[in-house]
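Reading through the structure tokens given below for one structure.
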Amino acid sequence: MANLGHEGLPYRVTECTEEDLFGLGECARQIWTRYYPSIIGMPQVIYMLNLMYSPGLLKRQRKEGHIFLKLLDCTSRWAGFAGVEPRPDGILFLHKFYIQLHLRGRGVAPILLKAVEEVAHRTGRQRIQLNVNRGNRAALRFYMKHGFKILYAFDLDIGQGFQMNDYRMEKRLGKS
Numbered sequence: 005m006a007n008l009g010h011e012g013l014p015y016r017v018t019e020c021t022e023e024d025l026f027g028l029g030e031c032a033r034q035i036w037t038r039y040y041p042s043i044i045g046m047p048q049v050i051y052m053l054n055l056m057y058s059p060g061l062l063k064r065q066r067k068e069g070h071i072f073l074k075l076l077d078c079t080s081r082w083a084g085f086a087g088v089e090p091r092p093d094g095i096l097f098l099h100k101f102y103i104q105l106h107l108r109g110r111g112v113a114p115i116l117l118k119a120v121e122e123v124a125h126r127t128g129r130q131r132i133q134l135n136v137n138r139g140n141r142a143a144l145r146f147y148m149k150h151g152f153k154i155l156y157a158f159d160l161d162i163g164q165g166f167q168m169n170d171y172r173m174e175k176r177l178g179k180s
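Each number in my numbering corresponds to the 1-based position in the sequence shown with 4 added.
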């Protein structure tokens, strides 16, 4: 699937192969270490990166049916990525959705979100759900602008004294 981004610059979204998972982890580290320390602190950033982006875990999730999408710019550099899980209850759960910081606000994220919605339609899911940190105002604005609504707030102990203080959000999709 090829898409155009900001100012006509080409971006393309493709499904990750197993060989892409290392690049996905590296892209996550670049984004997380620059953006999230101000929201959750660097110790929690490092803990969560190690928890959620180990190559072994990503490979296992892929084998279990998770779908990872890579967003590449015209020079094949990683512009961002998404990770989704088609669940049996009709929900496509969006576990990962990240854009490189220098591309935020430039019309790139909607390209990746459209690809996520295409996966939802392709897999027969009518709803997309995700968790977002309650302090991540930019992400909250983006998701609300694109049709997501807050379902509820929750706190989750993720180990080693760290907490996720999130909102569960949902977007209902029309039938394709």
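All C-beta atoms in this analysis are idealised placements derived from N, C-alpha and C, irrespective of residue type, glycine included.
Every value quoted in this text rests on a predicted model; they were computed, and no experiment measured them.
Taking the runs of the alpha helix (DSSP H) that are 4 residues or longer, which of them lie wholly in the stretch 81-162?
-> 113-126 and 141-149
According to DSSP, is Thr21 helix, strand or coil?
-> coil
Just to confirm, are Asp77 and Tyr15 a CB contact at a threshold of 8 Å?
-> yes
N-terminal and C-terminal residue of the alpha helix (DSSP H) that Gln65 is part of | Pro59 to Lys67
Excluding the 5 residues preceding and the 5 following Ile35 in the sequence, name in chain order all residues of the same chain whose CB lies nearer than 6 Å to its CB.
-> Tyr102
If you drop the 5 nearest sequence neighbours on each side, which residues of the same chain put their C-beta closer than 7 Å to that of Ala83?
-> Tyr15, Leu75, Leu76, Asp77, Ile103, Gln104, Leu107 and Val112
Proximity of Lys100 and Ala86 at Cβ, strictly below 8 Å | yes
Assuming Ile71 and Glu19 make a contact with CB atoms under 8 Å, what is their CB distance in whole Å?
-> 6 Å
According to the neighbour-count rule (16 or more other Cβ atoms, all chains shown, within 10 Å of its Cβ), is Lys149 buried or exposed?
-> exposed
If I'm right that Ile132 touches Leu177 with Cβ under 8 Å, what's the distance once you round it to whole angstroms?
-> 7 Å
How would you call Arg129, buried or exposed, if buried means at least 16 neighbouring beta carbons within 10 angstroms?
-> buried
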